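Engineer:
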Amino acid sequence: MDIQTRIKALTRLAKSQSQGAVAALQNELDQVAAALRSEQDYDALSHALAILDVIGHRFSARAVDILDSFLDQVERREILYSDQRQAWGSRYAKYHSAQRLTGDAIEVLAGLRYFETRSVLRILLRFSIHASDEIRKKSIDALAGLADYNIDVFYGPDRKGGLGAEPQKEVILALEQLASSDLRRFFSGALTLLRGLLSPVMEASSWSYRAVTLERGAIPAWQEISDVRLRSVLLLKRLYLSAETVPDRLAILSALQEATRMPDVGGDDQTFRDIIVRDAAEVISFYKELVATEDLQIVQSIESRGYWIYFHARAVETRELALSLETEISAHPEYQVYRVLVGYEGIFGSWRDRAAASERDFEATEQMRRRAASEFAASISEESYPKWRTRIVTFARTESNDLATFPIFYAFLEELARLHPLLALKLVTEDHRSIERFLIPILRGLWAGPEQLAARSLILSWIDDPSGERGQYLFACTKLFLSNDGLDIGLVRHLLERAVELKDLAAIRQVVSVAITNYRSGDTILLNELFLPALSALTREGDASWVFDAWFRQELNSSIAALDGTGVSLVLQNLESLPVIDYHAESVLFVIAQRHAASVMAFFCRRIDRELTQQQEAGPAEFQAVPYDFDKLQEPLSHFPQQVVQLGREQFGRDRSLFQFLGGRLLKNIFPNFSADFERELLELVRAGGEANLAFVLAVLRNYEGQPFIHAVCREIIRSIPTDSKLRTEVAIALETTGVVSGEFGFVEAYERKRQEILEWLVDPDERVSDFARSYIEDLESMRESARKRAEEDVALRKHRFGESP
1198 MDIQTRIKAL TRLAKSQSQG AVAALQNELD QVAAALRSEQ DYDALSHALA
1248 ILDVIGHRFS ARAVDILDSF LDQVERREIL YSDQRQAWGS RYAKYHSAQR
1298 LTGDAIEVLA GLRYFETRSV LRILLRFSIH ASDEIRKKSI DALAGLADYN
1348 IDVFYGPDRK GGLGAEPQKE VILALEQLAS SDLRRFFSGA LTLLRGLLSP
1398 VMEASSWSYR AVTLERGAIP AWQEISDVRL RSVLLLKRLY LSAETVPDRL
1448 AILSALQEAT RMPDVGGDDQ TFRDIIVRDA AEVISFYKEL VATEDLQIVQ
1498 SIESRGYWIY FHARAVETRE LALSLETEIS AHPEYQVYRV LVGYEGIFGS
1548 WRDRAAASER DFEATEQMRR RAASEFAASI SEESYPKWRT RIVTFARTES
1598 NDLATFPIFY AFLEELARLH PLLALKLVTE DHRSIERFLI PILRGLWAGP
1648 EQLAARSLIL SWIDDPSGER GQYLFACTKL FLSNDGLDIG LVRHLLERAV
1698 ELKDLAAIRQ VVSVAITNYR SGDTILLNEL FLPALSALTR EGDASWVFDA
1748 WFRQELNSSI AALDGTGVSL VLQNLESLPV IDYHAESVLF VIAQRHAASV
1798 MAFFCRRIDR ELTQQQEAGP AEFQAVPYDF DKLQEPLSHF PQQVVQLGRE
1848 QFGRDRSLFQ FLGGRLLKNI FPNFSADFER ELLELVRAGG EANLAFVLAV
1898 LRNYEGQPFI HAVCREIIRS IPTDSKLRTE VAIALETTGV VSGEFGFVEA
1948 YERKRQEILE WLVDPDERVS DFARSYIEDL ESMRESARKR AEEDVALRKH
1998 RFGESP
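Under our numbering, the first residue of the sequence shown carries the number 1198, and numbering increases by one thereafter.
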């Protein structure tokens, strides 16, 4: 019995309460336990997990124990594969590994969460800190499912016999019993659980044979739910006090915000509103305790969250308490400066006025901040510098993955360097490590002023530091020359040399951007002394990611267009290493293709050869020689159909095996609408004859999903081949391809449409064409009726599966 049939039989058996069924299921469970305990064959282990998934709920405690033991040791077990699986190469093992089995086991475990809540919770927390991102995500998702309120579980599938809030009560009790060290250890998992416990809504989904219904409703105002929510808030406060990093504390504040949120569905239940008022008061009071002593980034988050509590609050007491938080924040003098310079989440103006405004004037706020920042910069003096130095170093510690978060702070630092160059020079000399992420605006300001020579000397000291730290801040020192009228080519060349020596690829990529942004028409010095040497260094390292910083630059087109044939070849050689050609790389290729279309086509052919080689050697699967479509590259390439088709034909001659999916797709991308010029080139190949020419044309045509515009070429092929040629089958395949269809009877409709489109061939004077049409129409009618029968059977089967009448 194959595994699918066995699973179906066991699914039905698991619904039976008879003694015979229990005995049979017990026997199956014993076999599963034995397999998961010692089996090494991947398929056997996967099948055992699939069986446990359908019968485990009948023996939930033992099933969880089996899974716990399996998860504890499977990644230390050598996994073996059948001879057939091994023939597929190392890629099969890569995606069917012990780690994949671990993920599958976690999914099975998640299905038992309402049967053995505490045990499942314990195991999922353990795997929420697994080394693998995928396993961590699966564990976190399973924890979220455990804490969330599910309508069917809460009330029961027929609105009777539900579990109520018992799972949530189990979860909060388990978390409360964890030591503070364990709460910190399982931080992400614990936070996910607590966020779910505070959700004001519950959800469910139900399936019919043709639809999925999603349900949402408000959490009922039951006392046990009120208790769970309050205990969750208190536990989040406990977790906050033990959190060691700003990101962790910000994440806790985000979870606490859930406690203040009213449901967005259901009626306005006064009892539940009272619960929200109580929880919001608890949260706001906690925020007020933090304002005076917390990190300024935390204060900013508190201000933002407090305002939105005020904005959404329905109860007067909540709004008044939120306004008292605003007063507390307004009394924090240092935060007022931080809000202006860094405050990307800051609330400017009165909360009352802002909430009452019909729309927010972002531009006015931005202008106000820039004026204030300029005033701050102008006010700095020798006497106030120590205070501002401390302030700048403190503000620079603000954590963000995106430096675009700090435009005002950047402008302030650059203006500080312009207005007070000696103080700025003192700052970067003494505190460069503390303000490393913000060296660029200060260096730009110094470079534009009277201390340029001193700034140059400082940069050289970082590059050539004899103490052994040579090459400090290469990225920042290079980036200061982006679009810089004071470009020092000699200094940038020296930066490039040191970056190449240290293999600082980020700095080398910046040299490319510096050359592009400072390029002026006819100025080949930048290209020859900076752009091409930097590109050569990146090519040696297999790095082409400079395009992601260059594609949007206004000077890109003119700088790339100014390259000679050698330069173009170097750019294309560099881009060959990109795993995927997306719109960033297309922006560069688009410029090149306008003058060197054949070179770009040859570039794609080399990428195809590389992908074929990697597939033969079981190389990385992430490499994609040809994108699924082009954004704009088709426009210049399509102007040269003869060259493009010729190069495609040569590629086909080198390797036919996957040409349809690589070279054929490339031609389809270039000529998506099958232009007349492209059609003419294909027809010339057909008329030239030869099996290779015809096979090439058909490999291209199969990418067009059987659209009517390929009929002329297909008809010409039929005219040129004998009636017993195998290529007639290839023509039929090209014509009958449907692409994406929709609805149960999508294929039925598609085949009928194709039948209608080919009817005119029946009266073609060439007997080979009319004979092909009759045979092809018969096949279409047969496929149409088979598709109709399959669709009707599938509908009937789905209706049976979901208990609906036929």
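Cβ atoms here follow ideal geometry from the backbone N, Cα and C, with glycine treated the same way. Computed from a predicted structure; not experimentally measured.
Taking LEU1222 as the reference, give the member of ALA1260, LEU1390 and ILE1918 with the closest Cα.
Structural biologist: In the sequence shown, the residue the question calls residue 1222 occupies position 25. Selected option, being the one with the closest Cα: ALA1260.
Engineer: With a floor of 4 residues, list each alpha helix (DSSP H) that falls wholly inside the segment 1491-1578, ordered by position along the chain.
Structural biologist: 1493-1509, 1513-1527, 1530-1538, 1548-1553 and 1559-1576
Engineer: Beta carbon of GLU1698: closer than 7 Å to some heavy atom of the ligand NAP?
Structural biologist: Looking for the ligand NAP in the displayed structure turns up nothing, as the structure carries no ligands at all.
Engineer: Going by CA-CA distance only, name the one from ARG1588, TYR1825, GLU1876 and PHE1609 that's closest to PRO1838.
Structural biologist: The residue given as residue 1838 occupies position 641 in the sequence shown. Of ARG1588, TYR1825, GLU1876 and PHE1609, the residue nearest in Cα terms is GLU1876.
Engineer: Where does the unbroken alpha helix (DSSP H) through MET1399 begin, and where does it stop?
Structural biologist: Working through the sequence shown from its first residue, we reach residue 1399 at position 202. It is not in any alpha helix (DSSP H) - MET1399 instead sits in the beta strand (DSSP E) that spans 1398-1404.
Engineer: Using a 10 Å radius around the Cβ and a threshold of 16 neighbouring Cβ atoms, would you call LYS1829 buried or exposed?
Structural biologist: Position 632 of the sequence shown holds residue 1829. With fewer than 16 Cβ atoms within 10 Å of its Cβ, LYS1829 is classed as exposed.
Engineer: Going by DSSP in three states, GLU1681 sits in which element: helix, strand or coil?
Structural biologist: What you label residue 1681 is simply residue 484 of the sequence shown in a count that begins at 1. The sequence shown places Asn at residue 1681, rather than the Glu named in the question. In this structure, ASN1681 counts as coil in the three-state DSSP scheme.
Engineer: Buried or exposed, going by whether 16 or more other CB atoms sit within 10 Å of the CB of VAL1480?
Structural biologist: For the purposes of this step, residue 1480 is taken as the residue at position 283 of the sequence shown. Result: buried.
Engineer: Helix, strand or coil for ASP1828, going by three-state DSSP, please let me know.
Structural biologist: On the sequence shown, position 631 is the one that residue 1828 refers to. It is coil, neither helix nor strand.
Engineer: Spatial neighbours of ILE1200 within its chain, please: CB distance less than 6 Å, with the 5 preceding and 5 following residues excluded, ordered by chain position.
Structural biologist: Stepping through the sequence shown from its first residue, residue 1200 is reached at position 3. Apart from sequence neighbours up to five positions away, the residues of its chain that approach ILE1200 with a beta-carbon distance below 6 Å are HIS1244, ordered along the chain.
Engineer: Per DSSP, VAL1765 forms a beta bridge with which residues?
Structural biologist: For the purposes of this step, residue 1765 is taken as residue 568 along the sequence shown, with counting starting at 1. Answer by DSSP bridge pairing: none, since VAL1765 is not bridged.
Engineer: CA-CA distance, ARG1446 and ASN1866?
Structural biologist: If you number the sequence shown from 1, residue 1446 lands on position 249. If you number the sequence shown from 1, residue 1866 lands on position 669. Those two C-alpha atoms are separated by around 49 Å.
Engineer: Below 8 Å between beta carbons: does that hold for ILE1805 and GLY1860?
Structural biologist: The residue labelled residue 1805 in the question sits at position 608 within the sequence shown. The residue labelled residue 1860 in the question sits at position 663 within the sequence shown. Cβ atoms of ILE1805 and GLY1860: closer than 8 Å.
Engineer: Tell me VAL1744's beta-bridge partners as DSSP assigns them.
Structural biologist: If you number the sequence shown from 1, residue 1744 lands on position 547. None, per the DSSP bridge assignment.
Engineer: So, do the segment 1736-1753 and the segment 1706-1725 have three or more beta carbon pairs nearer to each other than 8 Å?
Structural biologist: yes
Engineer: Nearest CA to the CA of ASP1682: which residue from LEU1702, ALA1553, TYR1716 and GLY1943?
Structural biologist: Walking along the sequence shown from the start, residue 1682 turns up at place 485. Minimum Cα distance to ASP1682 is reached at TYR1716.
Engineer: Would you check if the segment 1471-1487 and the segment 1498-1515 touch, i.e. whether three or more CB-CB distances between them fall below 8 Å?
Structural biologist: yes
Engineer: How big is the Cα-Cα spacing for GLY1719 and LEU1727?
Structural biologist: The residue you call residue 1719 lines up with position 522 of the sequence shown. The residue you call residue 1727 lines up with position 530 of the sequence shown. In a straight line, the C-alpha of GLY1719 is about 15 Å away from that of LEU1727.
Engineer: Is VAL1842 buried or exposed, if buried means 16 or more other CB atoms sit within 10 Å of its CB?
Structural biologist: Against the sequence shown, residue 1842 aligns to sequence position 645. Label assigned to VAL1842: buried.
Engineer: How many Å lie between ALA1673 and ILE1637 at the Cα?
Structural biologist: As a working note, residue 1673 is residue 476 in the sequence shown. As a working note, residue 1637 is residue 440 in the sequence shown. Between ALA1673 and ILE1637, the C-alpha separation is close to 5 Å.
Engineer: Just list the alpha helix (DSSP H) runs in the segment 1437-1482, keeping only unbroken ones of 4 residues or longer that don't cross its boundaries, in chain order.
Structural biologist: Runs of the alpha helix (DSSP H) inside the segment 1437-1482: 1443-1454.
Engineer: I need the DSSP call for LEU1760, collapsed to helix, strand or coil.
Structural biologist: Here residue 1760 refers to the residue found at position 563 of the sequence shown. LEU1760 falls in the coil class under three-state DSSP.
Engineer: For the 8 Å Cβ check, are there 3 or more pairs between the segment 1641-1656 and the segment 1607-1627?
Structural biologist: yes
Engineer: Using C-beta distances below 7 Å, list every residue in its chain close to LEU1809, excluding the 5 sequence neighbours before and after it, in chain order.
Structural biologist: Walking along the sequence shown from the start, residue 1809 turns up at place 612. Here the set comprises ASP1852 and LEU1855.
Engineer: Reducing DSSP to helix, strand and coil, say where LEU1395 ends up.
Structural biologist: Here residue 1395 refers to the residue found at position 198 when the sequence shown is read from its first residue. Correct three-state label for LEU1395: coil.
Engineer: Hey, would you say ILE1472 sits closer than 8 Å to SER1396, going by beta carbons?
Structural biologist: To locate residue 1472, count along the sequence shown from 1; it is residue 275. To locate residue 1396, count along the sequence shown from 1; it is residue 199. No, the Cβ-Cβ distance between ILE1472 and SER1396 is not below 8 Å.
Engineer: Buried or exposed for ILE1918, going by 16 or more other Cβ atoms inside 10 Å?
Structural biologist: The count along the sequence shown starts at 1 and reaches residue 1918 at position 721. So ILE1918 ends up on the buried side.
Engineer: Measuring CB atoms only, is the segment 1351-1371 touching the segment 1328-1335, in the sense that at least three cross pairs come out at less than 8 Å?
Structural biologist: Contact fails: fewer than three Cβ-Cβ distances are below 8 Å.
Engineer: Nearest CA to the CA of ARG1549: which residue from TYR1541, ILE1506 and ARG1413?
Structural biologist: Here residue 1549 is taken as the residue at index 352 of the sequence shown, counted from 1. Nearest C-alpha to ARG1549: ILE1506.
Engineer: If you run the structure through DSSP and keep just helix, strand and coil, what is THR1410?
Structural biologist: The residue you call residue 1410 lines up with position 213 of the sequence shown. The answer is strand: DSSP assigns THR1410 an E or B state.
Engineer: Taking LYS1676 as part of the alpha helix (DSSP H), name the residues at either end of that continuous run.
Structural biologist: Looking up residue 1676 in the sequence shown gives position 479. Element bounds for LYS1676: 1671-1676.
Engineer: With three or more beta-carbon pairs closer than 8 Å as the criterion, would you say the segment 1548-1563 touches the segment 1575-1593?
Structural biologist: No, they do not touch.
Engineer: At which residues does the alpha helix (DSSP H) containing ALA1211 begin and terminate?
Structural biologist: Position 14 of the sequence shown holds residue 1211. Element bounds for ALA1211: n/a, residue is neither H nor E.
Engineer: Reducing DSSP to helix, strand and coil, say where ASN1347 ends up.
Structural biologist: By 1-based counting over the sequence shown, the position of residue 1347 is 150. The answer is strand: DSSP assigns ASN1347 an E or B state.
Engineer: Quick check: the segment 1371-1385 against the segment 1429-1441, are at least 3 beta-carbon pairs closer than 8 Å?
Structural biologist: yes
Engineer: Which same chain residues, not among the five before or five after GLY1845, have their C-beta less than 6 Å away from its C-beta?
Structural biologist: Locating residue 1845 in the sequence shown gives position 648, counting from the first residue. If we look at GLY1845 and ignore the five residues flanking it on each side, its Cβ neighbours are GLY1860 and LEU1864.
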